[in-house]
Amino acid sequence: MARILAHEGHFLVGPDWRWNYFDSTIVLISILERLVSVVGNSSVFRLLRIMRLSRSTRTMRLVRFFPSLYPLQFMMLSCANSLPALGWTCLLVLILLFLFSSVLTSGIAHFVGNLTHTSETAESLRRHFANVPMCMLTLFLSFIGEVEFRDVILSLLEVDTVYCVLYVMFLIFVTLAVMNVVNGIFISEAMELASQDREIRQRGELIRSRKNLQMLSTIFREMDPDDTGFIGKVDFEEQLQRPVVQSLLSFFNFDVTDATAFFKLLDVDENGCVDIEEFTVGCLRMHGKSNAIDMEISIQETKRLVLSIAQELRGDPAKFDSGRASIMEASRGHKSTLVDRMTMMEESLLGIEERLGIRHARGHRLVR
1 MARILAHEGH FLVGPDWRWN YFDSTIVLIS ILERLVSVVG NSSVFRLLRI
51 MRLSRSTRTM RLVRFFPSLY PLQFMMLSCA NSLPALGWTC LLVLILLFLF
101 SSVLTSGIAH FVGNLTHTSE TAESLRRHFA NVPMCMLTLF LSFIGEVEFR
151 DVILSLLEVD TVYCVLYVMF LIFVTLAVMN VVNGIFISEA MELASQDREI
201 RQRGELIRSR KNLQMLSTIF REMDPDDTGF IGKVDFEEQL QRPVVQSLLS
251 FFNFDVTDAT AFFKLLDVDE NGCVDIEEFT VGCLRMHGKS NAIDMEISIQ
301 ETKRLVLSIA QELRGDPAKF DSGRASIMEA SRGHKSTLVD RMTMMEESLL
351 GIEERLGIRH ARGHRLVR
């Protein structure tokens, strides 16, 4: 009641309205349990025992308050999101069970009706395939592994080999085909939920960022064996030649061909050394970009050139025209370099796609 008075209308329509309804339901069940306990009727006591079991649902509130239970929350949301797919799956399985049961029951009923004496096989057939519902139950228990396959197959062989083959085909089709498709649907539903839910996506990005930060810290400590906290230019270039460092950098898809330019890119304050903060921030900035190191280096070189020319022009306005021409020429040169590199990347991608059979590179015009 205090929460309702505090939140007013937001209690029912706010961002946590689902949890508020859940808490209200638990409270109402507890109040109803108190009222029912006053009555001494035996049927009421049975209802009271059932209501006491509902107290176990209070443990679901822990998911709301403890961030460490995030995997449990994700599993619960995935199960709730997969309920429509589960309904269609049950309908598909029921249709398959009914179709196969109709065929098996008709043939087995004709065989059992023509028997002149009772036998163990006839009793087994009557027990498993007496009618369509019993046959559906037998087939269902078969593909979940609760029926002895040997007894059923031997009984069907007494009827006809066709029914035995039909039974085996049903097990193979449902077990290998239908169940794999259903598993794929449930997995895709869970992945779609993880990509659409904002909180889950933020948690996933936070976990990935922490993992990348730990990995970059490990790389920096590997490149700084003396534990000085910074790496000079010469040491940086030497460490990049080590196979251990190259394998660690390959985790971020970094292909460093110019160690000097890469060092200048990381050295933001231009003091001649790179500390752990500059290293991690610079690598995280370029992580996820395809061949972004060369492009970033070109951009940084252009910025340095523009700043140097601007400083020269600041003291002598007469050099404005010549400085502007130099800037334009340098910009065209860097733009041409970037376009050439992007063209080479596109040609290599087209070649890979052509070898994989994804696209025919013949007749495809490059986009510049």
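Residues in the sequence shown are numbered from 1 upward in steps of one, following full-length UniProt numbering. Glycine included, C-beta positions come from ideal geometry on N, C-alpha and C.
- Here F236 is near F263, since their CB atoms are less than 8 Å apart.
- Less than 8 Å separates the beta-carbon of Y167 from that of V152.
- With fewer than 16 other Cβ atoms from the protein chains shown falling within 10 Å of its own Cβ, S217 counts as exposed.
- Membership of F230 in the beta strand (DSSP E) is indicated by the continuous run 230-232.
- Beta-bridge partners assigned by DSSP to D275: F230.
- The residue among S247, F230, V178 with its C-alpha nearest the C-alpha of N271 is F230.
- L125 and L154 have their C-alpha atoms spaced approximately 10 Å apart.
- For P133, the three-state secondary structure derived from DSSP is helix.
- For the 8 Å CB-CB criterion, D267 and E277 do not form a contact.
- Residue nearest to T105 within the set L86, F129, L115 is F129 (criterion: CA-CA distance).
- If you ignore the 5 residues before and after A85, its C-beta comes within less than 7 Å of the C-beta of I185, F186, E189, all in its own chain and listed in chain order.
- Pairwise C-beta distances place the stretch 208-228 out of contact with the stretch 157-177, as fewer than three of them are shorter than 8 Å.
- Taking a C-beta distance under 8 Å as the contact criterion, G232 and C283 do not qualify as a contact pair.
- At a Cβ-Cβ threshold of 8 Å, S82 and C135 do not count as neighbours.
- Relative to the Cα of M286, the nearest Cα in the group R304, F251, D269, T302 belongs to F251.
- The alpha-carbon of M191 is positioned some 11 Å away from that of R201.
- Taking 8 Å as the cut-off, the Cβ atoms of F143 and L171 count as close.
- Counted as a single uninterrupted DSSP element, the stretch harbouring P225 is not any alpha helix (DSSP H), since DSSP gives it neither H nor E.
- For I172, the enclosing alpha helix (DSSP H) covers residues 161-172.
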